[in-house]
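A.B. asks: Can you read through this structure? Questions will come right after.
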Amino acid sequence: MQEKGTISIHTENIFPIIKKFLYSDHEIFLRELVSNAVDATQKLKKLASFGEYKGEVGNPKITVSIDETAKTITISDQGLGMTADEIKKYINQIAFSGATEFIEKYKDKGDEKQIIGHFGLGFYSAFMVSANVEINTLSHQEGAQSAHWICDGSTEFEISEGTKKERGTDIILHIAEDSVEFLDKFRLETILTKYCKFLPVEIEFDGNVINNTHPLWTKAPSELKDEDYKAFYKELYPYSEDPLFWIHLNVDYPFNLTGILYFPKLKADFEVQKNKIQLYSRQVFITDEVKDVVPEFLMLMHGVLDSPDIPLNVSRSFLQADSNVKKINSHITKKVADKLAELNNNDPKGFEEKWNDINVFVKYGMLSDDKFYEKAKDFCLVKNTKGESFTLDKYKEHIKANQTDKNENIVALYTSDKGKQDLYIQSAENKGYDVLEMTAIIDSHFIGMLEQKMEKFSLKRVDSETLEKIIDKDIKLESILTADQQTKVKEVFEKAIDNKKMTVALEAMSLEELPVSITLPEFMRRMKDMSALNGGGMSFMGAMPEIYNVVVNSNHPVVQKILNETSDETQKKIAKQVYDLAMLSQGMLTGKDLTDFIRRSVEMSVN
Ligand code: ADP
Ligand code: MG
């Protein structure tokens, strides 16, 4: 047996569901009704431009007003209005969009971008806050009669002759008991400016026009000056410093996207700067939660994005799934990379000055997005301790002659803390080596990435090995000690240090080098950093002891002095003193060891 049928929907049941679940945020009723008023105005202008409306258009505006005693909010427009038949068609049929119908009908006559409506559901958001909704309207059509409609949010409505004398529509909301908050002037004004600040038709509230009908992003970049962009930035973020630079987006294909993205001056506290980009659809504000539209690494940028391809009632899950959004995302990434490349080409000096503020964006982008890396590797800068900047390729050239090791690897040296590693930086520079500053938190990741991506190139922190070995050129200084003497010196130091974490080794170095240096091999330090970043989550690190190298310069006069001493105690004391000095230079001398060192030093300076 087989039976076919149609599922029936009872409007009485579905209506409350629409009211309740269509929009999570009740305040958007205002956005919807003002958008409809804008649509009605734009449609009228269109009809006039086609010659289908012959009357006077004038300068139609929208007025929003509150009547506290009557507990009503009224949204009035001077748009195309509706006849009684049109109310029946457009308002009484839920999910029948007059906007879509209008676009269909006039689609050959150009630009549908000006119409906001889409789904034929917006009007009903009025019932989220109203006990009753009235429409009082007069159509633009010649000889039209004013029409009046009233509905209490059930499926019953009344339609009768209206009282409107001028072309346009009044929507009168009789605010429900549980929504009286919206009758507050300041509350309503806040909502109005939030959603309608850049709508294209003048909106008046409490005697003031609250919107800028021609926001900057809708204008042609060729018509705009730097001052215009800065002024618009101030309009968006009143108390901010000037932005560093900006990107004016204008895309028609394969999706519609306009907007302006600003690079702000970075503040130490990133979090306050996040979530500042505003998302619009046809100049109607949608949200400032743009996580899924804008790549994560660009979340620190500011500005506006406007795309009609993003519907008004977006939800997070929608944004994540939408293919347009994904395209927008990769397009923005590309545009930002192009803009940075252009800045660097046109004005390398200016780019260098901005680098401090933008290097975190760029490095983060290079780490998180391969396509961005490919573009950014040409303008990404590194800076040395002398304050000179280089692109990556130029830097390789710069250090090649002096810093190539026996395996033809170019070895770049860096410091993560100029103050603490000063001794090592000084020695490296005395030897003619260059030292990069890699002091940002992101730099430890950045270093790892550079080594992976660049061939025959490695980076070592200045204190990761002794200067003789850090760039291994296979040049060995002869030790002036005999094998026996070397064993003896090693023993003295091992006894003096008495710590399993410290491995003592002798190395023949030049006389300028310190008698003892302490180094933590690069790979071990990176493991340590990584495990710290992961909250100590790498459990095997816990088991792995941290082994430092204690390198004794066998050519240093102190070593001779130790060998010349006859008393074990004195030998130990000298060894301990130079060892402590090395510990001190690494910031590792603390507690009792530090106290002993100070006492011993005082004692030695008296003797
Ligand atoms: P949408 O705007 O998505 O089409 P709405 O539910 O917001 O859906 O509105 C339904 C329709 O009612 C509109 O398309 C339009 O034809 C008509 N309408 C609503 N408000 C007005 C208005 N202020 N003036 C003229 N027509 C209106
Ligand atoms: Mg609408």
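When you line the sequence shown up against the numbering used here, it's residues 478 to 1084, in that order. Just so you know, even glycine gets a beta-carbon here, dropped at the ideal spot from N, CA and C. Quantities reported herein were computed from a predicted structural model and do not represent experimental measurements.
1) Is V1029 closer than 8 Å to V1036 when the C-beta atoms are compared?
2) Assuming L1040 contacts K967 under a Cβ cut-off of 8 Å, what Cβ separation, rounded to an integer in Å, is found between them?
3) Let me confirm a value: A1127 is counted as buried when at least 16 other C-beta atoms fall within 10 Å, else exposed. Which label applies?
4) I need the straight-line Cα distance from I649 to V541, nearest angstrom please.
5) Hey, how far is the Cα of Y891 from the Cα of M915?
6) Please list, in chain order, all residues of the same chain as E942 whose beta carbon is under 6 Å from its beta carbon, the five residues on each side excluded.
7) Which residue from V657, I805, K674 puts its Cα closest to that of N685?
8) Do S1008 and A985 have their C-beta atoms within less than 8 Å of each other?
9) If you draw a straight line from the C-alpha of P692 to the C-alpha of L913, how long is it?
10) With respect to 7 Å, is the separation between the Cβ of N513 and the closest non-hydrogen atom of the ligand MG below this value?
11) Please list the segments of the beta strand (DSSP E) lying wholly inside the segment 494-570, counting only runs of 3 or more residues, in order along the chain.
12) What does DSSP give as the partner residues of N861 in its beta bridges?
13) For the segment 613-624 against the segment 636-656, are there 3 or more C-beta pairs whose distance is under 8 Å?
14) Is the beta carbon of F762 closer than 8 Å to that of Y672?
15) Taking N703 as the reference, which of G535, H725, Y714, Y716 has the closest Cα?
16) Would you call the segment 523-536 and the segment 659-669 in contact, with 3 or more CB pairs under 8 Å?
17) Compare the C-alpha of P998 against each of K946, K977, Q929, N976 and name the closest.
18) Mapping the DSSP letters down to three states, classify I919 as helix, strand or coil.
19) At which residues does the alpha helix (DSSP H) containing W832 begin and terminate?
20) Give the range of the beta strand (DSSP E) segment to which E638 is assigned.
21) Have a look at Y716 and A708 and give me their C-alpha separation to the nearest angstrom.
22) Enumerate in chain order the residues of its own chain whose CB-to-CB distance from M1015 is below 7 Å, with the five nearest sequence positions on each side excluded.
23) Contact between the segment 864-876 and the segment 767-774: three or more CB pairs below 8 Å?
24) Here's a check: name, in chain order, each residue in its chain whose Cβ is nearer than 8 Å to the Cβ of N806, leaving out the five neighbours to either side.
25) Closer than 8 Å by C-beta to Q898: which residues in its own chain qualify, once you throw out the five before and the five after it? Chain order, please.
26) At what residue ranges does the segment 715-781 contain a whole run of the beta strand (DSSP E), taking only runs of 3 or more?
27) Can you give me the Cβ contacts of V767 inside the same chain, cut-off strictly under 6 Å, excluding the 5 residues immediately before and after it?
28) Using only CA atoms, which one of F849, D846, D949, F828 lies nearest to N879?
29) Once the 5 residues before and after A818 are set aside, which same chain residues still bring their CB inside 7 Å of it?
30) Return the first residue and the last residue of the alpha helix (DSSP H) that K1049 is part of.
31) What first and last residue would you give for the alpha helix (DSSP H) that runs through F934?
32) Starting from the C-beta of I484, find all residues in its chain whose C-beta is less than 7 Å away, skip the five residues before and the five after it, and write them out in chain order.
33) Judging by CA-CA distance, which residue of W723, A608, I564 is the nearest neighbour of T646?
34) What residues in its chain sit with their C-beta under 7 Å from that of R1002, if we drop five residues either side in the sequence?
35) Cβ of A973 within 8 Å of Cβ of K1049?
36) In chain order, what are the residue ranges of uninterrupted alpha helix (DSSP H) at least 4 long that sit wholly in the segment 618-677?
C.D. replies: From the atom records:
1) Stepping through the sequence shown from its first residue, residue 1036 is reached at position 559. Stepping through the sequence shown from its first residue, residue 1029 is reached at position 552. The criterion of a C-beta distance shorter than 8 Å is satisfied by V1036 and V1029.
2) In the sequence shown, residue 1040 corresponds to position 563, counting from 1. In the sequence shown, residue 967 corresponds to position 490, counting from 1. K967 and L1040 do not touch by the CB rule: their CB atoms are close to 12 Å apart, not below 8 Å.
3) Only positions 478 to 1084 of the chain appear in the structure, and residue 1127 is not among them; the question remains open.
4) Here the question's residue 649 lines up with position 172 in the sequence shown. Here the question's residue 541 lines up with position 64 in the sequence shown. If I take the Cα positions, the gap works out to 10 Å.
5) Along the sequence shown, read from residue 1 onward, the residue named residue 891 stands at position 414. Along the sequence shown, read from residue 1 onward, the residue named residue 915 stands at position 438. The alpha-carbon of Y891 is positioned some 6 Å away from that of M915.
6) In the sequence shown, the residue the question calls residue 942 occupies position 465. Excluding sequence positions up to five before and after E942, its CB lies within less than 6 Å of the CB of T996, all in the same chain and listed in chain order.
7) For the purposes of this step, residue 685 is identified with residue 208 of the sequence shown, where counting begins at 1. The residue with the shortest Cα to Cα distance from N685 is K674.
8) Taking the sequence shown and counting its residues from 1, one reaches residue 1008 at position 531. Taking the sequence shown and counting its residues from 1, one reaches residue 985 at position 508. Their beta carbons are not under 8 Å apart, which means S1008 does not touch A985 by this criterion.
9) Residue 692 sits at position 215 when you count from the first residue of the sequence shown. Residue 913 sits at position 436 when you count from the first residue of the sequence shown. Cα to Cα, the separation comes out at about 44 Å.
10) Residue mapping note: residue 513 aligns to position 36 of the sequence shown, counting from 1. Yes, the beta carbon of N513 sits closer than 7 Å to at least one heavy atom of the ligand MG.
11) Entirely contained in the segment 494-570, the beta strand (DSSP E) runs reaching 3 residues are, in chain order, 539-544, 549-554.
12) For the purposes of this step, residue 861 is taken as the residue at position 384 of the sequence shown. Partner(s): L913.
13) The segment 613-624, when compared against the segment 636-656, does touch it at the 8 Å Cβ threshold.
14) The residue you call residue 672 lines up with position 195 of the sequence shown. The residue you call residue 762 lines up with position 285 of the sequence shown. Closer than 8 Å, so yes.
15) Position 226 of the sequence shown, counted from the first residue, corresponds to residue 703. Sequence check: residue 703 is Asp here, not Asn. Among G535, H725, Y714, Y716, the Cα nearest to that of D703 is on H725.
16) As far as the Cβ criterion goes, the segment 523-536 does not touch the segment 659-669, which means the pair count is below three.
17) Counting from one through the sequence shown, the residue named residue 998 turns up at place 521. Checked all of K946, K977, Q929, N976; the closest Cα to P998 is K946.
18) Translated into positions along the sequence shown, residue 919 becomes position 442. Three-state DSSP puts I919 in coil, outside helix and strand.
19) Counted from its first residue, the sequence shown places residue 832 at position 355. Unbroken alpha helix (DSSP H) run through W832: 825-845.
20) Mapped onto the sequence shown, residue 638 falls at position 161. Taken as a continuous stretch (DSSP letters only), the beta strand (DSSP E) holding E638 covers 634-638.
21) Mapped onto the sequence shown, residue 716 falls at position 239. Mapped onto the sequence shown, residue 708 falls at position 231. Distance between the alpha carbons of Y716 and A708: 12 Å.
22) To locate residue 1015, count along the sequence shown from 1; it is residue 538. No answer about M1015 holds up, because its pLDDT of 48 lies below 50 and its placement is not dependable.
23) Below 8 Å, too few C-beta pairs join the segment 864-876 and the segment 767-774 to call them touching: fewer than three.
24) Taking the sequence shown and counting its residues from 1, the one referred to as residue 806 is at position 329. Excluding positions up to five away in sequence, the list reads D769, V770, V771, P772.
25) If you number the sequence shown from 1, residue 898 lands on position 421. The beta carbon of Q898 sits closer than 8 Å to those of T892, R938, V939, D940, all from its chain and outside the five residues before and after it, given in chain order.
26) Restricted to the segment 715-781, the beta strand (DSSP E) segments that are unbroken, complete and at least 3 residues in length are 722-728, 734-740, 755-758, 761-764, listed in chain order.
27) As a first step, residue 767 must be located in the sequence shown, where it is residue number 290. Counting only Cβ-Cβ distances below 6 Å, and skipping sequence neighbours, we find I754, L756.
28) For this step, residue 879 is matched to residue 402 along the sequence shown. Minimum Cα distance to N879 is reached at D949.
29) On the sequence shown, residue 818 is found 341 positions in, with the first residue counted as 1. Same-chain partners within the cutoff: K852, D855, F856.
30) In the sequence shown, counting from the first residue as 1, residue 1049 sits at position 572. Per DSSP, the unbroken alpha helix (DSSP H) holding K1049 starts and ends at 1045-1062.
31) What you label residue 934 is simply residue 457 of the sequence shown in a count that begins at 1. From DSSP, F934 is part of no alpha helix (DSSP H) but of the beta strand (DSSP E) over 934-938.
32) As a first step, residue 484 is located in the sequence shown; it is residue number 7 there, counting from the start. So the list is empty, once near-sequence residues are dropped.
33) The residue you call residue 646 lines up with position 169 of the sequence shown. With distances taken between Cα atoms, T646 lies closest to I564.
34) Here the question's residue 1002 lines up with position 525 in the sequence shown. Cβ neighbours of R1002 beyond the five flanking positions: R938, S941.
35) Taking the first residue of the sequence shown as 1, we reach residue 973 at position 496. Taking the first residue of the sequence shown as 1, we reach residue 1049 at position 572. It is a contact, given that the beta carbons lie within the stated cut-off.
36) 662-673, all fully within the segment 618-677.
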